[in-house]
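Enquirer: The structure that follows is given in the form of structure tokens.
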Amino acid sequence: MENDPVSRSAVSGVTGEAATRLVVADDDVLLREGIASLFDRSGFDVVGQAGDEADVLALVRATRPDVAIVDIRMPPAFATEGLRVARIIREELPDTAIVVLSAHVEVDEAMELLATGERLGYLLKSRVTDVAEFIDTVRRISAGACVVDPSLVQELVHARRRRDPLDALSPRELEVLSRMAEGASNAGIADRIFVSEGTIEKHVRSILFKLDLPESASDHRRVLAVLRYLEAR
Amino acid sequence: MDASLDAHEFRVLAEEQASLRRVATLVARGATQHEVFSSVTEEVGKLLPVDFAILGRFEPDDMIGTVASWSATGDAFPVGTRWPLDGNNTVSMVFRTGRPVRIDDYDDASGNIGDEGRERGYRSTAGAPIIVEGRLWGAIAIGSASNDSVMPPETERQLVSFTELAASAIANAESRAELAQLVEEQAALRRVATLVAHGVSPTEVFAAVTEEVGKLLPVEYATLWEYEPVGMATHVATWGTVAIPWQPGDRVAVGGKNLLTLVFESGHSAHMSNFADATDAFGEFLPSSIHARAASATPIVVESHLWGVIVAGSVGGRQLPADTEARLADFTELVAAAIANTESRTELIASRARIAAAADETRRQIERDLHDGTQQQLVSLILELRAAQSTTPQVDELRAQLGRMALGLDDVLEELREISRGIHPALLSKSGLNSALKALGRRAAVPVEFDLRSNERLPAPIEVAAYYVVSEALTNAVKHANASAVSIKLEVCRGVLLLAIRDDGIGGADPSLGSGLLGLTDRLDALGGRLLISSVPHQGTSLMVEIPIETRVVMAAERRDS
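So the protein lines, in turn, are chains C and U. My numbering applies: residue 1 is where the first sequence begins, and numbers increase by one. My numbering applies: residue 1001 is where the second sequence begins, and numbers increase by one.
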């Protein structure tokens, strides 16, 4: 595989089920190939690659993948084409999971993306180098989660406020809040910080109460609500 | 005649001398012309003696205006009365001949003045010219109603003695008036020159020039126009005692018969004694709206190209003095200097703006290169390392090494992202000033409260300048002021971006000491903006920034560039 990083051969997932089908869109060929090969190696079925906005839309319509990995800045205008692609795919093929990669993450873009629905990820491009973590994140998104890059969440959480409502939270609660904003489920948070899911549920209820936030029906709504709160507090 | 004077003759001569001395004393004292003229008519009337004495000034349209008048019986000709110089009478004959005259039998007199004299019962009259520095200025006339007397033979000589005194009083007054006018003109020129030297906006200079010209000449209005390349002229400024129908910025076509066009075509001063002949917008609008009569116009030449014209004019029946154009020209030189100054300042500002914009563009390019080039390459390299790591399962040591390399490169990547953010805030061009400022606030080490009252996108150089000012202010608030909170207010008010940044720190910042803000003043200057720092000890530091979103100066510079 080292000699053939572009291999498109369908490799079965570890579980034996049909492999997750995936497309990669980035105008940088080297990086795109690197990412494709990474997924290939990790048991995904990379069904196609694209280098600009029009190509990736055509590719997605033709191949109907489970996941689209999309660079935010692509030809033609090198602006926020990735966000537009996500919106269009979401409308036409709502089941497709979309991961938007960006050289830097901004709260406005995260909100814009998450507002389009579920199964979304908004991540720093450099996250792909932590291969195991990245693959796990993409699997979670494919399975329905919403994921926001931790660096953005950290920036929001650590922004200083004169009368900061977050001061009411314990350090543990602040950590749980951050994980919620990143898009982790209660079970995910529990796994991450080695406590039971029940304990996390108690933390979550306490946080929502202290910050006067409503309970959310879905993780996706929860992420949006927390982000919006953090940005506006 | 006997050489010795008899007592009567002596008395007459003495009276004459005394009378002349009284008038001469008045002249020497610098009395007003009015005082001198009144005294002349009274002294002449009493000395000779006659029933009336009148002093008049010849006017350009063959008229004489009564300037002073005396009568033994108290029914003097009213001062200010104007008479036509027709027929044969003392005054008209003095006017025609420029010499003393006499009419011993007034039945022979004719013309308006002759008729009036006969009606008043005058029998004999005499007159003499008033000659001021060689020009026939006016006349003095005397008359007697008594039937039996003709004027004594020395009457003309006596009259001339008095008219000479009157003439020197007039010459004195005229040179004083000329001097006063010169002083006034110099003062007006100096006021305008001071404005020019202080580099005030051309708009202010133009307004001042029209006002000074209007008051000095004096005229009822003075109006300044700039010629455009496309056969139009733009109204720049006007001063007037009458309501002038144009606003600054109004345009009229150059063409037809009017002063705008005459000056445009000849490049020289022009004069119109009557607007009745004028045509087209400029020629017809003024007379119909303000009864414009005569006007003079002088070109404004800036660095040997015809820039515009100043027009000064009268309304109603008044004509303008012949030297009007020459006096206008003194001002047009100052106007030209002001324009040349402003143009070179505009060039300077525009070139500074270009330099700042070029620097911004370079930084933006570097940032993009870092993101799209270097960073991407690093990510690719790390991915390859990870791939190598995953495909060498047997060699633990090598795998660990590859892992460390990948982690090291991760750090490089992170550092690079920070650096590129410092070089140019990509968010600024992408999402605008508000998003970029909020991001700055989130990353600041102090709480930042925002009051952002405008969300409109502004020209890139303005957004960049505002961003850097806030960035620098936040750095200072943390590093130097020990502030615990910063508030930032942004609004756009009447085409000006206003930015107020206040902290609650120790204050007392010396703006002259190495503050990074100083480096930003150049950038603000280039945009026609300014920065005010107020930093009282223990009262925090306030920065106020004003940046005009569009300025005439910058527009002018762009027009020239295009």
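Note that CB positions come from ideal geometry on N, CA and C, so glycine has one too. Note that the structure is a prediction, hence the values are computed from the model and not measured.
For the beta strand (DSSP E) that contains U/Arg1029, what are its first and last residues?
Expert: Residue mapping note: residue 1029 of chain U aligns to position 29 of the second sequence, counting from 1. Element bounds for U/Arg1029: n/a, residue is neither H nor E.
Enquirer: Could you check where the alpha helix (DSSP H) with C/Val219 kicks off and where it finishes?
Expert: Numbered from its first residue, the first sequence carries residue 219 of chain C at position 219. Note that residue 219 of chain C is Asp in the sequence shown here, rather than Val. Counting along the chain, the alpha helix (DSSP H) containing C/Asp219 begins and ends at 219–232.
Enquirer: So does U/Ser1351 have its beta carbon nearer than 7 Å to some heavy atom of the ligand NAP?
Expert: The ligand NAP is absent from the structure shown, which contains no ligand whatsoever.
Enquirer: Could you give the DSSP three-state label for C/Arg160: helix, strand or coil?
Expert: Position 160 of the first sequence, counted from the first residue, corresponds to residue 160 of chain C. Residue state, collapsed to three classes: coil.
Enquirer: Identify the residues that DSSP records as bridge partners of C/Val234: which are they?
Expert: Because chain C is modelled from 1 through 233, residue 234 of chain C falls outside the range shown and cannot be assessed.
Enquirer: Starting from C/Val105 and walking both ways along the beta strand (DSSP E), at which residues does that stretch end?
Expert: Residue numbering aside, residue 105 of chain C sits at position 105 when the first sequence is read from its first letter. Careful: C/Val105 lies outside any beta strand (DSSP E) and carries neither H nor E.
Enquirer: Could you give the distance in angstroms between the alpha-carbon of U/Gln1158 and the alpha-carbon of U/Phe1037?
Expert: For this step, residue 1158 of chain U is matched to residue 158 along the second sequence. For this step, residue 1037 of chain U is matched to residue 37 along the second sequence. So the two alpha carbons sit approximately 16 Å from each other.
Enquirer: If I measure Cβ to Cβ from U/Gly1256 and keep anything under 7 Å in the same chain, skipping five residues before and after, which residues do I get?
Expert: As a first step, residue 1256 of chain U is located in the second sequence; it is residue number 256 there, counting from the start. Thr1279, Asp1280, Gly1283, listed in sequence order.
Enquirer: Counting only runs that start and end within the stretch 1285–1370 of chain U, where is the beta strand (DSSP E) found for 3 or more residues in a row?
Expert: Taking only runs of at least 3 residues, the beta strand (DSSP E) segments lying wholly in the stretch 1285–1370 of chain U are 1292–1302, 1305–1315.
Enquirer: Mapping DSSP to helix, strand and coil, what is U/Asp1115?
Expert: Taking the first residue of the second sequence as position 1, residue 1115 of chain U is located at position 115. Helix at U/Asp1115.
Enquirer: Does U/Ala1243 have its Cβ less than 8 Å from a Cβ in chain C?
Expert: Looking up residue 1243 of chain U in the second sequence gives position 243. No, no contact with chain C.
Enquirer: Buried or exposed for C/Lys202, please, with buried defined as at least 16 other CB atoms from any protein chain shown within 10 angstroms of its CB.
Expert: Counting from one through the first sequence, the residue named residue 202 of chain C turns up at place 202. C/Lys202 comes out exposed.
Enquirer: Below 9 Å between beta carbons is the criterion; list the residues of the stretch 104–125 of chain C that meet it against any residue of chain U, in chain order.
Expert: Per Cβ criterion, the list reads His104, Glu106, Val107, Asp108, Glu109, Leu124, Lys125.
Enquirer: Can you tell me whether C/Ala115 is buried or exposed, with buried defined as 16 or more other CB within 10 angstroms of its CB?
Expert: Locating residue 115 of chain C in the first sequence gives position 115, where the first residue counts as 1. Label assigned to C/Ala115: exposed.
Enquirer: Determine which residues share a DSSP beta bridge with U/Thr1234 and list them.
Expert: Residue mapping note: residue 1234 of chain U aligns to position 234 of the second sequence, counting from 1. According to DSSP, U/Thr1234 bridges with U/Glu1226, U/Arg1251.
Enquirer: Can you tell me which of U/Val1301, U/Val1242, U/Arg1364, U/Thr1081 puts its alpha carbon nearest to the alpha carbon of U/Glu1566?
Expert: Residue numbering for chain U in the displayed model covers 1001 to 1562; residue 1566 of chain U lies beyond these limits and cannot be assessed.
Enquirer: Exposed or buried, which one is U/Thr1210 when buried takes at least 16 other CB atoms within 10 Å?
Expert: Position 210 of the second sequence, counted from the first residue, corresponds to residue 1210 of chain U. The residue is buried, with at least 16 neighbouring Cβ atoms inside 10 Å.
Enquirer: Consult DSSP for U/Ile1131 and reduce its assignment to one of helix, strand or coil.
Expert: Position 131 of the second sequence, counting from 1, holds the residue named residue 1131 of chain U. U/Ile1131: strand per DSSP, three-state reduction.
Enquirer: Return the CA-CA distance between U/Val1012 and U/Ala1145, expressed in angstroms with no decimal places.
Expert: Here residue 1012 of chain U refers to the residue found at position 12 when the second sequence is read from its first residue. Here residue 1145 of chain U refers to the residue found at position 145 when the second sequence is read from its first residue. So the two alpha carbons sit approximately 21 Å from each other.
Enquirer: Name the one or two DSSP bridge partners that U/Lys1257 has.
Expert: Translated into the one-based positions of the second sequence, residue 1257 of chain U becomes position 257. Paired residue(s): none; U/Lys1257 is not in a bridge.
Enquirer: U/Val1205 and U/Val1335 - do their beta-carbons sit closer together than 8 Å?
Expert: Locating residue 1335 of chain U in the second sequence gives position 335, where the first residue counts as 1. Locating residue 1205 of chain U in the second sequence gives position 205, where the first residue counts as 1. Yes, they are a contact pair.
Enquirer: Run through the DSSP bridge pairs and tell me what U/Arg1057 is partnered with.
Expert: As a first step, residue 1057 of chain U must be located in the second sequence, where it is residue number 57. According to DSSP, U/Arg1057 bridges with U/Gly1065, U/Gly1138.
Enquirer: For U/Asp1411, report the span of its alpha helix (DSSP H) as first-last.
Expert: One-based indexing of the second sequence puts residue 1411 of chain U at position 411. Note, U/Asp1411: alpha helix (DSSP H), 1396–1423.
Enquirer: Output needed in chain order: residues of the stretch 1455–1486 of chain U with a Cβ under 7 Å from some Cβ in chain C.
Expert: Residues Ala1485.
Enquirer: Of all the CB atoms in chain U, is at least one closer than 8 Å to the CB of C/Thr137?
Expert: Along the first sequence, read from residue 1 onward, the residue named residue 137 of chain C stands at position 137. Closer than 8 Å: no.
Enquirer: Are the stretch 1149–1169 of chain U and the stretch 1088–1096 of chain U touching, with three or more C-beta to C-beta distances below 8 Å?
Expert: No, because fewer than three Cβ pairs between the stretch 1149–1169 of chain U and the stretch 1088–1096 of chain U fall closer than 8 Å, the two stretches do not touch.
Enquirer: The alpha helix (DSSP H) that contains C/Thr116, what's its start and end?
Expert: Mapped onto the first sequence, residue 116 of chain C falls at position 116. Run containing C/Thr116: none; DSSP gives neither H nor E here.
Enquirer: Does DSSP classify C/Ser216 as helix, strand or coil?
Expert: The sequence position of residue 216 of chain C within the first sequence is 216, counting from 1. Note: C/Ser216 maps to coil in three-state DSSP.
Enquirer: Please decide whether U/Glu1449 counts as near chain C, where near means a Cβ-Cβ distance under 8 Å.
Expert: Translated into the one-based positions of the second sequence, residue 1449 of chain U becomes position 449. Chain C contact via Cβ: present.
Enquirer: If we cut at 8 Å on Cβ distances, does C/Glu155 have a partner in chain U?
Expert: Your numbering for residue 155 of chain C matches position 155 in the first sequence. Closer than 8 Å to some Cβ of chain U, the Cβ of C/Glu155 qualifies, so yes.
Enquirer: Helix, strand or coil for U/Ser1534, going by three-state DSSP, please let me know.
Expert: As a working mapping, residue 1534 of chain U is identified with position 534 in the second sequence. In the structure shown, U/Ser1534 sits in a strand (DSSP, three-state: E or B).
Enquirer: Rounded to whole angstroms, what is the Cα-Cα separation between C/Glu231 and C/Leu156?
Expert: Here residue 231 of chain C is taken as the residue at index 231 of the first sequence, counted from 1. Here residue 156 of chain C is taken as the residue at index 156 of the first sequence, counted from 1. So the two alpha carbons sit approximately 6 Å from each other.
Enquirer: According to DSSP, is U/Ile1244 helix, strand or coil?
Expert: Taking the first residue of the second sequence as 1, we reach residue 1244 of chain U at position 244. Note: U/Ile1244 maps to coil in three-state DSSP.
Enquirer: Consider the Cβ of C/Leu227: report whether some Cβ of chain U lies at a distance smaller than 8 Å.
Expert: Counting from 1 along the first sequence, the entry for residue 227 of chain C is found at position 227. By this cut-off, C/Leu227 is not an interface position.
Enquirer: Which bits of chain C does U/Leu1413 rub up against, with CB to CB less than 8 Å?
Expert: Here the question's residue 1413 of chain U lines up with position 413 in the second sequence. By Cβ distance, chain C contributes Ser126, Thr129.
Enquirer: Output needed for U/Glu1418: all residues of its chain with C-beta closer than 8 Å, excluding positions within five of it in sequence on either side, in chain order.
Expert: Here residue 1418 of chain U is taken as the residue at index 418 of the second sequence, counted from 1. Closer than 8 Å at Cβ, skipping near neighbours: no residue.
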